[in-house]
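K.L.:
The working numbering puts the first residue of the sequence shown at 35, with every later residue one more than the last.
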Amino acid sequence: MRSTGYAMLVFALVVMCSMVTLADEVVKVEQTPPVKIHIKHTEPRTVAIMRHKGPYTEIGSVTKELIGQIEKGNHLMAGPVMVRYFNDPKSVPEKDLLWEVMIPVVRPGRLGGTEFDKMLFKYMDVMNVAYLFHVGTFETISDSYAKLFEWVGRSGYEITGPPMEIYWSDPDKTPPERRVVELWVPISEERKPRVVR
35 MRSTGYAMLV FALVVMCSMV TLADEVVKVE QTPPVKIHIK HTEPRTVAIM RHKGPYTEIG
95 SVTKELIGQI EKGNHLMAGP VMVRYFNDPK SVPEKDLLWE VMIPVVRPGR LGGTEFDKML
155 FKYMDVMNVA YLFHVGTFET ISDSYAKLFE WVGRSGYEIT GPPMEIYWSD PDKTPPERRV
215 VELWVPISEE RKPRVVR
(Lines of atoms letter the chains of each structure in order from A; the text may use other names.)
(Lines give C-alpha, C1' and ligand atoms only; values in the text may rest on other atoms or scores of the structure.)
Protein backbone atom coordinates (compact mmCIF):
# COMPACT_ATOMS: atom_id res chain seq x y z
CA MET A 35 0.00 0.00 0.00
CA ARG A 36 2.84 2.36 0.92
CA SER A 37 4.58 1.81 -2.44
CA THR A 38 1.31 2.45 -4.22
CA GLY A 39 0.92 5.68 -2.30
CA TYR A 40 4.42 6.82 -3.28
CA ALA A 41 3.72 5.97 -6.90
CA MET A 42 0.54 8.03 -6.87
CA LEU A 43 2.40 10.93 -5.25
CA VAL A 44 5.15 10.84 -7.86
CA PHE A 45 2.55 10.68 -10.62
CA ALA A 46 0.72 13.68 -9.16
CA LEU A 47 3.96 15.68 -8.95
CA VAL A 48 4.82 14.86 -12.56
CA VAL A 49 1.38 15.99 -13.70
CA MET A 50 1.65 19.21 -11.68
CA CYS A 51 5.11 19.97 -13.08
CA SER A 52 3.83 19.34 -16.58
CA MET A 53 0.93 21.72 -15.99
CA VAL A 54 3.28 24.42 -14.67
CA THR A 55 5.57 24.00 -17.68
CA LEU A 56 2.59 24.15 -20.04
CA ALA A 57 1.28 27.23 -18.25
CA ASP A 58 4.68 28.90 -18.62
CA GLU A 59 4.68 28.13 -22.34
CA VAL A 60 1.17 29.55 -22.75
CA VAL A 61 2.17 32.75 -20.96
CA LYS A 62 5.22 33.10 -23.19
CA VAL A 63 3.08 32.72 -26.30
CA GLU A 64 0.56 35.26 -25.05
CA GLN A 65 3.32 37.75 -24.23
CA THR A 66 4.86 37.56 -27.70
CA PRO A 67 4.37 41.04 -29.21
CA PRO A 68 2.11 41.13 -32.27
CA VAL A 69 3.56 42.01 -35.66
CA LYS A 70 3.25 45.76 -36.17
CA ILE A 71 2.51 46.91 -39.71
CA HIS A 72 2.83 50.56 -40.65
CA ILE A 73 2.51 52.81 -43.70
CA LYS A 74 5.03 55.48 -44.74
CA HIS A 75 6.34 57.50 -47.65
CA THR A 76 9.90 56.49 -48.50
CA GLU A 77 12.67 58.98 -49.10
CA PRO A 78 13.71 59.56 -52.73
CA ARG A 79 17.17 58.19 -53.40
CA THR A 80 19.65 57.28 -56.10
CA VAL A 81 20.79 53.68 -55.98
CA ALA A 82 23.43 51.51 -57.56
CA ILE A 83 21.71 48.41 -58.93
CA MET A 84 22.79 45.00 -60.09
CA ARG A 85 20.04 42.98 -61.76
CA HIS A 86 20.27 39.21 -61.69
CA LYS A 87 18.46 36.08 -62.81
CA GLY A 88 18.81 32.99 -60.65
CA PRO A 89 18.17 31.50 -57.19
CA TYR A 90 18.00 33.66 -54.09
CA THR A 91 21.01 31.81 -52.69
CA GLU A 92 23.10 34.00 -55.02
CA ILE A 93 22.03 37.27 -53.36
CA GLY A 94 25.11 37.28 -51.13
CA SER A 95 27.59 36.91 -53.98
CA VAL A 96 25.80 39.49 -56.14
CA THR A 97 25.79 41.94 -53.21
CA LYS A 98 29.54 41.53 -52.73
CA GLU A 99 30.08 42.05 -56.46
CA LEU A 100 28.01 45.24 -56.40
CA ILE A 101 29.85 46.62 -53.36
CA GLY A 102 33.15 45.87 -55.08
CA GLN A 103 32.11 47.79 -58.19
CA ILE A 104 30.84 50.72 -56.12
CA GLU A 105 34.17 50.98 -54.31
CA LYS A 106 36.13 50.52 -57.53
CA GLY A 107 34.20 53.38 -59.14
CA ASN A 108 34.86 55.62 -56.13
CA HIS A 109 31.14 56.03 -55.44
CA LEU A 110 29.96 56.67 -51.88
CA MET A 111 27.48 54.26 -50.28
CA ALA A 112 24.73 56.04 -48.35
CA GLY A 113 22.45 53.36 -46.96
CA PRO A 114 21.78 49.67 -46.34
CA VAL A 115 21.55 46.91 -48.92
CA MET A 116 18.12 46.56 -50.53
CA VAL A 117 16.70 43.76 -52.68
CA ARG A 118 13.66 43.94 -54.97
CA TYR A 119 11.88 40.78 -56.13
CA PHE A 120 9.94 40.48 -59.39
CA ASN A 121 8.64 36.89 -59.23
CA ASP A 122 6.73 34.55 -56.96
CA PRO A 123 9.21 31.78 -56.00
CA LYS A 124 6.26 29.40 -55.54
CA SER A 125 5.39 29.55 -59.24
CA VAL A 126 8.70 30.40 -60.98
CA PRO A 127 11.69 28.00 -61.20
CA GLU A 128 14.74 29.12 -59.21
CA LYS A 129 16.88 29.57 -62.32
CA ASP A 130 14.30 32.00 -63.77
CA LEU A 131 13.79 34.23 -60.72
CA LEU A 132 14.38 37.93 -61.44
CA TRP A 133 15.61 40.24 -58.70
CA GLU A 134 17.97 43.15 -58.15
CA VAL A 135 20.30 44.24 -55.38
CA MET A 136 20.36 47.98 -54.66
CA ILE A 137 22.55 50.21 -52.52
CA PRO A 138 21.90 53.97 -52.06
CA VAL A 139 24.78 56.15 -53.26
CA VAL A 140 25.54 59.88 -53.26
CA ARG A 141 28.08 60.01 -56.09
CA PRO A 142 26.44 57.97 -58.85
CA GLY A 143 27.44 57.59 -62.44
CA ARG A 144 25.15 58.02 -65.45
CA LEU A 145 21.58 56.93 -64.74
CA GLY A 146 19.87 54.26 -66.82
CA GLY A 147 20.55 50.88 -68.40
CA THR A 148 18.89 47.46 -68.41
CA GLU A 149 21.81 45.03 -68.46
CA PHE A 150 22.05 42.04 -66.14
CA ASP A 151 25.02 41.48 -63.77
CA LYS A 152 26.38 44.97 -64.39
CA MET A 153 26.31 47.98 -62.07
CA LEU A 154 23.68 50.52 -63.09
CA PHE A 155 22.34 53.66 -61.43
CA LYS A 156 18.70 54.54 -60.95
CA TYR A 157 16.68 57.26 -59.24
CA MET A 158 13.97 55.92 -56.93
CA ASP A 159 11.09 58.32 -56.41
CA VAL A 160 8.94 58.54 -53.29
CA MET A 161 6.78 55.46 -52.69
CA ASN A 162 3.90 54.79 -50.34
CA VAL A 163 4.67 51.46 -48.67
CA ALA A 164 3.23 49.13 -46.08
CA TYR A 165 6.09 47.77 -44.02
CA LEU A 166 7.10 45.69 -41.04
CA PHE A 167 10.33 44.59 -39.40
CA HIS A 168 11.15 40.89 -39.54
CA VAL A 169 13.47 39.78 -36.74
CA GLY A 170 14.84 36.28 -37.09
CA THR A 171 16.12 33.81 -39.63
CA PHE A 172 15.61 34.07 -43.37
CA GLU A 173 13.87 30.69 -43.23
CA THR A 174 10.90 32.26 -41.41
CA ILE A 175 10.66 35.45 -43.47
CA SER A 176 7.86 33.99 -45.62
CA ASP A 177 5.61 34.06 -42.53
CA SER A 178 6.18 37.81 -42.17
CA TYR A 179 5.45 38.34 -45.87
CA ALA A 180 2.20 36.40 -45.51
CA LYS A 181 1.09 38.66 -42.65
CA LEU A 182 2.06 41.80 -44.57
CA PHE A 183 0.25 40.83 -47.79
CA GLU A 184 -2.80 39.67 -45.82
CA TRP A 185 -2.94 43.01 -44.01
CA VAL A 186 -2.65 44.99 -47.25
CA GLY A 187 -5.50 43.03 -48.84
CA ARG A 188 -7.71 43.26 -45.77
CA SER A 189 -7.07 47.01 -45.41
CA GLY A 190 -8.27 47.77 -48.93
CA TYR A 191 -5.04 49.04 -50.49
CA GLU A 192 -3.83 48.09 -53.97
CA ILE A 193 -0.32 46.74 -54.43
CA THR A 194 1.50 49.01 -56.88
CA GLY A 195 4.93 47.39 -57.19
CA PRO A 196 7.14 44.42 -56.32
CA PRO A 197 8.13 43.77 -52.70
CA MET A 198 11.47 44.91 -51.33
CA GLU A 199 13.74 44.06 -48.41
CA ILE A 200 16.07 46.39 -46.54
CA TYR A 201 18.83 44.65 -44.60
CA TRP A 202 19.60 46.41 -41.32
CA SER A 203 21.92 43.64 -40.09
CA ASP A 204 25.10 42.24 -41.59
CA PRO A 205 24.34 38.51 -42.05
CA ASP A 206 28.06 37.73 -41.75
CA LYS A 207 28.25 39.34 -38.30
CA THR A 208 24.76 38.91 -36.81
CA PRO A 209 23.35 35.66 -35.38
CA PRO A 210 20.47 34.37 -37.55
CA GLU A 211 17.86 34.79 -34.82
CA ARG A 212 18.79 38.48 -34.36
CA ARG A 213 18.85 39.61 -37.99
CA VAL A 214 16.60 42.57 -38.80
CA VAL A 215 15.04 42.91 -42.26
CA GLU A 216 12.52 45.60 -43.15
CA LEU A 217 9.89 44.38 -45.62
CA TRP A 218 8.24 46.86 -48.00
CA VAL A 219 5.17 46.41 -50.17
CA PRO A 220 4.40 49.47 -52.36
CA ILE A 221 0.70 50.38 -52.09
CA SER A 222 -1.79 52.91 -53.39
CA GLU A 223 -2.22 56.25 -51.64
CA GLU A 224 -5.91 55.60 -51.04
CA ARG A 225 -7.89 52.54 -50.06
CA LYS A 226 -10.24 50.99 -52.57
CA PRO A 227 -13.86 52.01 -51.94
CA ARG A 228 -15.92 49.23 -50.47
CA VAL A 229 -18.78 47.94 -52.57
CA VAL A 230 -22.08 48.22 -50.70
CA ARG A 231 -24.59 45.56 -51.65
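Quick reminder that beta carbons are idealized off the backbone N, C-alpha and C, glycines included.
Note that the structure is a prediction, hence the values are computed from the model and not measured.
1. When we look at the beta-carbon of P209 and count the other beta-carbons within 10 Å, is it buried (16 or more) or exposed?
2. Any Cβ of chain C within less than 7 Å of the Cβ of F120?
3. Report the residue from V96, G170, D206 and G195 whose alpha carbon sits nearest the alpha carbon of V214.
4. Rounded to whole angstroms, what is the Cα-Cα separation between R141 and D130?
5. Could you tell me if E105 is buried or exposed, where buried requires 16 or more neighbouring beta carbons within 10 angstroms of its beta carbon?
6. Between the C-alpha atoms of S222 and I200, what's the straight-line distance to the nearest angstrom?
7. Quick check: the Cα distance between S189 and V115, rounded to an integer number of angstroms?
8. Under a Cβ-count criterion, where at least 16 other Cβ atoms within 10 Å of its own Cβ denotes burial, should P220 be classed as buried or exposed?
9. Do M111 and V272 count as a contact pair if the criterion is CB distance below 7 Å?
10. Cβ atoms of I73 and L4: under 7 Å apart, would you say?
11. When the distance is taken between beta carbons, is M198 closer than 7 Å to T76?
12. In its own chain, which residues sit with a C-beta less than 6 Å from the C-beta of R85, not counting the 5 before and 5 after it?
13. Which whole-angstrom value describes the C-beta separation of V81 and I137, a residue pair presumed to lie in contact below a C-beta threshold of 8 Å?
14. In this structure, how does DSSP classify A180 when only helix, strand and coil are distinguished?
15. Figure out for me which residue from V186, R212 and K207 has the closest Cα to the Cα of K226.
16. As a quick exercise: from V69, P127 and H109, pick the residue whose alpha carbon is nearest that of K87.
17. Using DSSP with H/G/I as helix, E/B as strand and the rest coil, what is T148?
18. Would DSSP call I175 helix, strand or coil?
P.N.:
Quick look at the numbers:
1. Taking the first residue of the sequence shown as 1, we reach residue 209 at position 175. Classification for P209: exposed.
2. Absent from the structure is chain C; it holds one protein chain and no more.
3. Working through the sequence shown from its first residue, we reach residue 214 at position 180. Comparing Cα-Cα distances from V214 to each of V96, G170, D206 and G195, the minimum goes to G170.
4. Taking the first residue of the sequence shown as position 1, residue 141 is located at position 107. Taking the first residue of the sequence shown as position 1, residue 130 is located at position 96. R141 and D130 have their C-alpha atoms roughly 32 Å apart.
5. Your numbering for residue 105 matches position 71 in the sequence shown. Looking at its Cβ environment, which holds fewer than 16 other Cβ atoms inside 10 Å, E105 is exposed.
6. Along the sequence shown, read from residue 1 onward, the residue named residue 222 stands at position 188. Along the sequence shown, read from residue 1 onward, the residue named residue 200 stands at position 166. The straight-line gap from Cα to Cα measures roughly 20 Å.
7. Locating residue 189 in the sequence shown gives position 155, where the first residue counts as 1. Locating residue 115 in the sequence shown gives position 81, where the first residue counts as 1. A straight-line Cα-Cα distance of about 29 Å links S189 and V115.
8. For the purposes of this step, residue 220 is identified with residue 186 of the sequence shown, where counting begins at 1. P220 is buried by the Cβ-count criterion.
9. Shown here, the chain extends from 35 to 231; a query on residue 272 therefore has no answer.
10. A query on residue 4 cannot be resolved here, the shown segment of the chain reaching from 35 to 231 and no further.
11. To locate residue 76, count along the sequence shown from 1; it is residue 42. To locate residue 198, count along the sequence shown from 1; it is residue 164. For T76 and M198, no; Cβs fall outside 7 Å.
12. Walking along the sequence shown from the start, residue 85 turns up at place 51. Within the same chain, and ignoring the five residues on either side of R85 in sequence, the residues whose Cβ sits closer than 6 Å to its Cβ are E134 and F150.
13. Here the question's residue 81 lines up with position 47 in the sequence shown. Here the question's residue 137 lines up with position 103 in the sequence shown. With a beta-carbon spacing of about 6 Å, V81 and I137 fall inside the 8 Å limit used to define contacts.
14. Position 146 of the sequence shown holds residue 180. Correct three-state label for A180: helix.
15. Reading the sequence shown from its first residue, position 192 is the one you call residue 226. Selected option, being the one with the closest Cα: V186.
16. In the sequence shown, counting from the first residue as 1, residue 87 sits at position 53. Residue P127 holds the alpha-carbon nearest to the alpha-carbon of K87 among V69, P127 and H109.
17. Here residue 148 is taken as the residue at index 114 of the sequence shown, counted from 1. Judged by DSSP in its simplified three-state form, T148 adopts coil rather than helix or strand.
18. For this step, residue 175 is matched to residue 141 along the sequence shown. In the three-state reduction of the DSSP assignment, I175 falls in the helix class.
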